[in-house]
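Chains as they are written, first to last, in UniProt numbering: chain A, 1 to 242; chain B, 1 to 624.
Think of the CB as a built atom: it goes at the ideal place given N, C-alpha and C, for glycine as much as any other residue.
What follows is a short report on a single structure.
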Amino acid sequence: MTSAEQIAAQIVSSMSLAVSPSWLNAFLANAQRNIPLSALTKTALFRVLASDIRESLTAGATSVFPVDISDPNVQERRLLGSIPVQVLDIEDIGSSLWSQVEAIERVERGEAIRGREIIRTVNVEGDGEERESGSTNSASTAGHPSASGSNGNGPHRLILQDAKGTNVAAIEMQRIEAISVDKLPIGSKLLLRNLTVARGMILLDSGCCTLLGGKIETLDKTWREGRKARLLQRIDSMANEP
Amino acid sequence: MARKILCVAEKPAIARAVATHLSGGSFQTHAIRGNQYVKNYEFEFNFGGSWGQCSVTMTSVIGHLTGLDFASQYKGWMSCPPGALFEAPVQEDVDKDKKPIAENIRNQARYSKALFIWTDCDREGEHIGTEVRNQAKAGNARIEVKRARFSNTERAHVLQAARAPVELDEFQANAVAARIELDLRIGAAFTRLQTLQLQAVAAILKEKVISYGSCQFPTLGFVVDRYFRVQNFKPETFWSIKVMLERERKKVNFLWRRVHLFDRAAVTMMLERCLKAKQAKVTKVTQKPKSKWRPLPLTTVDLQMMGSRFLRIDSQTIMKVAEALYTKGFISYPRTETDQFDKAIDLKKLVETQFPDDRWGQYAKDLIEGKFRTPRSGRNNDKAHPPIHPVCWVSPTSLNDNERKVYEFVVRRFLACCSDDAKGSGTDVEIQYGDEFFHASGLLVLERNYLDVYVYEKWESSQQLPHFERGETFEPTEANISEGKTTAPNYLTEPELIGLMDANGIGTDATMAEHIAKIKDRQYVVVNKRGTGRNKVEELIPTHLGVALVEGYDNVVSGLPSSISLSKPFLRKEMEKQMLEICAGAKTRQDVVQQSLDMYREVFIHTQRRIEMLKAACRKYLVE
């Protein structure tokens, strides 16, 4: 077996990722000589996780999405086997866009770090002392600053991309710890197994989704820098809807 | 020399109350020259200990005796560059209208063996105590100095305090002295700078003094911050899934665990998966006792927040009224951070004093006949004063309108503290429907307990749920998507503002109300009434000037990451922390004054350099 084949086999067995031979050859051509194979494998894996999978992985027929995966007319379908993807976008659909803008601005002002306490205002609302507060007064909290439900806990809506370049939306149906706007970098790699897709959306839960890690530095940087502007733009375009 | 003790209280009414208790009601009253309010009360009293039986002169001051000001050559607005006020010499002088009071103390001290200070037991009172001491020593350099530790003017408490004199707390007095100097220098420097610079900017600022205070501005900052949050708010649509089941002729509404989401396609897909599942399954049925906790013992901040919320009286008025009730001996000292009762206080005896009342007398009797509970303990103890509580019963006819309301609140709150929690039984039902979870809950209030006397809070039974069995399945009667919109926050209310000030170290419980009154007075904010009847709310809205000042100062420091805007609480909070260090003996007055001045001087220099930004903000809001 050549060293390329050995490395590819290693990466398949540890991460279930089928590295493209041409990408691997290019990697080996640039690698220093006389490096032990185990170290070389580690470096290769690190590079794969930091790469664009459209270049670094083989787009095998069973390891990519069907081209019509986003078809909203399909009520439900199951996809067997495992599909590696990279994260292109993440948003918290449990919080209003505006509350996310406000949170970003607080961080910009350096106030989140200083922990500007607003605990007391909760008591002012009057339910602070109630244990097991019933459902009776959940309506009365409307209009309270946090009524928009900004808690950062999602659920999240992701845009995922396969090795062939097909994009699809995915909804976090059950809480997955690794998925959050702050913690999940753009370009992270996920391995999806035995998926359910409903109305063109992948249903994510911890059973079908393994985080492999990594990120695409340039994408992540521009995505974060542009996040506030994108949120504001969406708010504006919403206001213009009839 | 005669064994005479000179007692000095902070206010005439306290002097009279203490004199009444110590003398058993028989004392001679003498007017003093030059002040119609302050009186000298003379009587005999046996202090025990080293003093024993003595003749006593009980008199008072009226708040602070002295004021701090710049030397005369710095008093004129154009006399020096405003920045010079950070170092200009200052001097402490007896206020002109307090001169007769100071003279009275000097005269009385001449014939006295000891000075016994009865100023209020808080930081301010400690400082006033040192002012009294200075006058007494000027009259009699060898006079012995003691102070009384007391927190209300109830008879037994006063007698006990009279027989256990302690020392003045120099640390606390120094903290106040530091604060006075800092307020003077920082306040005057910024007030002169901004007034002189801004007067020319807009016609309505001509002739106007634009005052600055290190508590006022952060207080204004909170109001402006909320104002912009309201103004900038953008409503957004959200979607939710509602599930309803009709059972036993009741409609049970189940609420979605996700509450609502901001993605319509996702919600539609989720609902479809619910409907596809057809049957919902009951995953949890819990029946457990629920309770609503009785309130904590009353602190000043709570009195102001709850008072302005329930009684609809602004916080400054509440404090004035509470002060009057204290001075008349009806309630304990109203400035306290303590929310735990000392074990030594006989609470039941205090409850008994309320027996004669028509409204809650019977409730008080029921407490004594078995329903009494030891109050909950909060986490705060200022080691000076107990929580605010009634000292004796007073007939409502002998109080004015506001006094009656505040006294009633203090009593009801106290009785509520000594009562049991309200108790009920709650049922929670959780169902899984498709991939989604929903829940419904019911509450049955079984024992109202404290709620019977604490009429300000509500806790009511909800509709009772029909029977559900864990594991059973059912087909919901209805399941559909409902749409809603996010709503803007409301403008800041006074109770909320007090909460923010308290959480961020702006002012003390005693001064918060003054700062709020001041920003209204300066026309930096106005009060706007919204709603009617029980829903009436008073909102604080900044004026153009208020907005301009905050935005201007924010702009002055923008792009200077290490500098903090004067509209933010952080600088003042730091200063307040240093005051506490003086009180703890960890720092000296001089150190703290220098450090705090350095902090503010830095902002002052930035403000001078970038004064155009402050002017631009004023032009933006006041001219255009």
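In the three-state scheme derived from DSSP, where H, G and I count as helix and E and B as strand, F150(B) is classed as coil. Per DSSP, W98(A) is one residue of the alpha helix (DSSP H) stretching across L97 to E108. Contact annotation: in the stretch 91 to 103 of chain A, residues whose CB is within less than 9 angstroms of a CB in chain B are E91, D92, I93, G94, S95, S96, L97, W98, S99, V101 and E102. Counting only unbroken stretches of 3 or more residues, the beta strand (DSSP E) elements lying wholly within the stretch 488 to 556 of chain B are 525 to 530 and 537 to 542, in sequence order.
Around the C-beta of M306(B), 16 or more other C-beta atoms lie within 10 Å, and the residue is accordingly described as buried. Below the 7 angstroms Cβ cutoff, chain A contributes A198 as neighbours of R273(B), in chain order. K423(B) and K529(B) have their C-alpha atoms roughly 36 angstroms apart. Annotation: A163(A) has no Cβ neighbours in chain B at a cutoff of 7 angstroms; minimum Cβ distance is about 26 angstroms. The beta carbon of A277(B) is closer than 7 angstroms to those of Y433 and G434 in its chain, skipping five residues each way along the sequence. Neighbours of E236(B) in chain A, taken as residues at a C-beta separation under 8 angstroms, are given in chain order as S96, L97, W98, S148, I235 and M238.
Looking at T397(B), E436(B), V429(B) and R373(B), the one whose alpha-carbon comes closest to that of C417(B) is R373(B). According to the DSSP assignment, C583(B) belongs to the alpha helix (DSSP H) that extends over F570 to C583.
Annotated as distal: L37(A) and I90(A), with beta-carbon spacing of 8 angstroms or more.
In this structure, N152(B) is the residue among N152(B), K365(B) and N46(B) with its C-alpha nearest to the C-alpha of T119(B).
Here V64(A) carries a coil assignment [DSSP, helix/strand/coil]. With respect to chain A, the C-beta atom of T486(B) has a partner C-beta closer than 8 angstroms. Measuring C-alpha to C-alpha distances from K536(B) to each of H544(B), T543(B) and V527(B) identifies V527(B) as the nearest. Here Y37(B) carries a strand assignment [DSSP, helix/strand/coil]. Within chain B, the residues A266 have their CB atoms less than 7 angstroms from the CB of I171(A), given in chain order.
Inclusion of L203(A) and I171(A) in the CB contact set at 8 angstroms is warranted, their separation being smaller than that value.
Inter-segment contact for the stretch 241 to 250 of chain B and the stretch 462 to 482 of chain B is present: three or more beta-carbon pairs are separated by less than 8 angstroms. In this model, R258(B) and G370(B) are separated by some 45 angstroms (Cα to Cα).
Proximity of the stretch 198 to 217 of chain B to the stretch 465 to 474 of chain B falls short of the contact definition, fewer than three beta-carbon pairs being nearer than 8 angstroms. T222(A) and E76(A) have their C-alpha atoms spaced approximately 35 angstroms apart. The Cβ atoms of A239(A) and K234(B) sit closer than 8 angstroms to each other. The three-state secondary structure of F468(B), taken from DSSP, is coil. Remark: C-beta atoms of L549(B) and Y524(B) approach each other more closely than 8 angstroms. Apart from the 5 residues on each side of it in sequence, A202(B) sits with its Cβ closer than 8 angstroms to the Cβ of C618, R619, L622 and V623 in its chain, given in chain order. Listed by position along chain B, the residues whose Cβ is nearer than 8 angstroms to that of R157(A) are D263 and A266.
For G129(B), there is no enclosing beta strand (DSSP E); the residue is found in the alpha helix (DSSP H) stretching over R123 to G139.
The beta carbon of I210(B) lies closer than 6 angstroms to those of Q194, T195 and L198 in the same chain, with the five residues before and after it left out. Segment contact: the stretch 324 to 339 of chain B against the stretch 481 to 489 of chain B, fewer than three CB-CB distances shorter than 8 angstroms; contact not assigned. Under the 8 angstroms criterion on CB atoms, M78(B) is classed as non-interfacial with respect to chain A.
Judged by DSSP secondary structure, V90(B) falls within the beta strand (DSSP E) whose first and last residues are V90 to V94. Selection E103(B), A88(B), R448(B) and S23(B) evaluated against N35(B) yields E103(B) as nearest (Cα-Cα). Taking D52(A) as reference, the option from G207(A), L190(A) and D92(A) with the minimal CA-CA separation is L190(A).
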